[in-house]
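A short worksheet on the structure shown next.
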Amino acid sequence: MDAGDADGRIAAEQITPYPPGIPAVVPGERLDRAVIDYLRSGVAAGMNIPDASDTSLEKFRVVKEH
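Heads up, the final residue of the sequence shown is numbered 73 in my numbering, and it's a clean run with no missing numbers.
Okay, structure coming up:
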């Protein structure tokens, strides 16, 4: 799902920015604008996101809700 639409959705993957190497998002957690902005600004500044399906964080994997 596009990053702009992921606010309020449930994450379907762990996202661990490096550095510091501490998960910022874990599966089952509800994404919010603050964490999305933190992660995307970090990527823009050169932070690595080795475990995300889209390391540019243009898209986030989220749980499909009915």
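We put the beta carbon where it would ideally sit given N, CA and C, even for glycine.
Please report the straight-line C-alpha distance between residue i and residue j, rounded to a whole angstrom.
i, j, result
"Gly28", "Gly49", "13 Å"
"Tyr25", "His73", "33 Å"
"Asp58", "Ala41", "20 Å"
"Leu38", "Arg68", "11 Å"
Return the residue from the list the options that minimises the CA-CA distance to residue i.
i, options, result
"Gly35", "Asp58, Glu20, Tyr45", "Glu20"
What is the C-beta distance between residue i and residue j, in whole angstroms, given that I count them as a contact (C-beta under 8 Å)?
i, j, result
"Leu46", "Ile22", "6 Å"
"Ile43", "Ala10", "6 Å"
In the DSSP output, what is residue i paired with across the bridge?
i, result
"Val69", "Ala18"
"Tyr25", "Asn55"
Return no unless some Cβ of chain D is closer than 9 Å to the Cβ of residue i.
i, result
"Phe67", "Included in the structure is just one protein chain, with no chain D present."
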